[in-house]
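First up is the structure itself, then whatever we jot down about it.
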Amino acid sequence: MFSRIFSFFWNTDAASIGRPLFYQTLPKDHRPVFVIGDLHGCVSVLRRIEAAISRDLAGKEAHVVLLGDVIDRGPDSAEMLDHLLRRPPQGQTRHVLLGNHEMMFARFLDNPNFAPEWLQNGGMETLSSYGIDIRSFAAWSWNKKNLNLQAHIPPEHRAFLAKLPAILLWGNVVFAHAGIDFSKPISAQTEDKLLWSKKRTSPDTVPDQKLLVHGHFPVSAPDINQNVINLDVGTYVTN
96 MFSRIFSFFW NTDAASIGRP LFYQTLPKDH RPVFVIGDLH GCVSVLRRIE
146 AAISRDLAGK EAHVVLLGDV IDRGPDSAEM LDHLLRRPPQ GQTRHVLLGN
196 HEMMFARFLD NPNFAPEWLQ NGGMETLSSY GIDIRSFAAW SWNKKNLNLQ
246 AHIPPEHRAF LAKLPAILLW GNVVFAHAGI DFSKPISAQT EDKLLWSKKR
296 TSPDTVPDQK LLVHGHFPVS APDINQNVIN LDVGTYVTN
């Protein structure tokens with residue numbers, strides 16, 4: 096269970112930064128932060144983790160950060176978004192980051208002819224979780240695809256995807272789905288690096304006293320270095 100979550104305290108002193116729309120800042124308080132890696136449509140795993148966090152907190156409060164890629168591949172993407180739209184367990188303040196799979200899904204909803212790679216990389220499972228006939232979907236006209244998406248996918252899910260930040264800051268800690276380029280300011284970060292990076296952020300590039308926590312790169316167990324932590328443990332495969 097706890098191979099999928101990581102809890103820590105960290106120095107929350109940091110200089111103020113501008114406010115581009117794609118990042119958010121955790122409040123500066125003494126609550127611990129629990130971090131959950133890529134869940135990929137496995138809502139039962141999230142429920143078990145949340146229950147474990149509640150037991151660990153024993154009535155106290157904490158932040159819970161999900162590192163993106165909460166959908167696709169696994170069986171319950173629609174239910175996952177329903178769950179994330181509900182109030183979290185008592186004492187838990189939930190923060191969900193944007194992953195490349197959420198970005199692909201959002202773009203697909205805008206244009207259902209977008210990114211056939213997404214359909215082959217977990218998107219079919221997501222459409223199926225909404226009750227869409229995936230055996231016929233590819234042959235439908237654009238208009239029929241769009242009408243089916245509107246009929247099956249709640250507007251609340253679309254709005255949720257549109258509001259997800261790509262970066263979450265907590266003092267000296269940076270949470271991002273795939274990584275970040277520490278040589279650039281927050282306002283100059285690119286979607287390619289934050290969501291799609293094919294190369295892990297090297298610990299050598301992380302400034303002193305900074306910590307990067309990310310997912311995106313599957314590993315068999317949490318990969319914890321001094322200043323870079325990878326928490327994508329392939330949940331949809333091991334669940």
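Under our numbering, think of the first position of the sequence shown as 96, with each following residue one higher. C-beta atoms are modelled at their ideal positions from N, C-alpha and C, and glycine is treated no differently.
Considering only the beta carbon of each residue, do residue i and residue j sit closer than 9 Å?
| i | j | result |
| --- | --- | --- |
| K305 | N322 | yes |
| A273 | K258 | no |
| M198 | N216 | no |
| I324 | Y118 | no |
| H125 | L180 | no |
| T285 | D299 | no |
| L326 | V308 | yes |
| S236 | I229 | no |
| L290 | L193 | yes |
| T188 | E145 | no |
| V89 | P313 | The shown model of the chain, from 96 to 334, leaves out residue 89, and the question about it has no answer. |
| D133 | V165 | yes |
| W265 | T120 | yes |
| V336 | T330 | The structure shown does not extend to residue 336, since the chain is modelled only from 96 to 334, so the question has no answer here. |
On the DSSP bridge list, what partners appear for residue i?
| i | result |
| --- | --- |
| D318 | N325 |
| A283 | Note: A283 sits in no beta bridge, so no partner. |
| P157 | Reading off the sequence shown, one finds Ala at residue 157, where the question assumed Pro. DSSP lists Q187 as partners of A157. |
| L306 | V268 |
| L263 | Q119, F270 |
Taking its Cβ as the centre, do 16 or more other Cβ atoms sit within 10 Å of residue i, making it buried, or is it exposed?
| i | result |
| --- | --- |
| P260 | buried |
| P122 | exposed |
| P207 | buried |
| L116 | Because the pLDDT of L116 is 43, which lies under 50, any placement of that residue in the model is unreliable, and the number read from its coordinates should be weighed accordingly. The residue is exposed, with fewer than 16 neighbouring Cβ atoms inside 10 Å. |
| A110 | Residue confidence for A110 is low, a pLDDT of 30 falling below 50, so the modelled location carries little weight and cannot support an answer. |
| G218 | buried |
| N238 | exposed |
| R393 | The structure shown does not extend to residue 393, since the chain is modelled only from 96 to 334, so the question has no answer here. |
| L161 | buried |
| G154 | exposed |
| I227 | buried |
| K279 | exposed |
Quick test of your reading: residue i and residue j, contact by CB under 8 Å. State the CB separation rounded to the nearest angstrom.
| i | j | result |
| --- | --- | --- |
| H247 | Y225 | 4 Å |
| H190 | V138 | Not confirmed; about 17 Å, so no contact. |
| G337 | T221 | Outside the displayed span of the chain (96 to 334) sits residue 337, for which this structure offers no information. |
| V159 | F129 | 5 Å |
| A201 | L152 | Incorrect: roughly 32 Å between the Cβ atoms, too far for contact. |
For residue i, tell me which candidate among the options has the shortest Cα-Cα distance.
| i | options | result |
| --- | --- | --- |
| D303 | V268, K240, V328 | V268 |
| S149 | Q185, V140, S172, P170 | Q185 |
| A173 | N320, P183, L244, A233 | L244 |
| S292 | A271, A254, P250 | A271 |
| I131 | I319, G310, P211 | G310 |
| P183 | R142, P170, A233, D171 | R142 |
Would you say residue i reaches chain B, if we count a Cβ-Cβ gap shorter than 9 Å as a contact?
| i | result |
| --- | --- |
| V308 | Among the chains of the structure shown, chain B does not appear; only one protein chain is present. |
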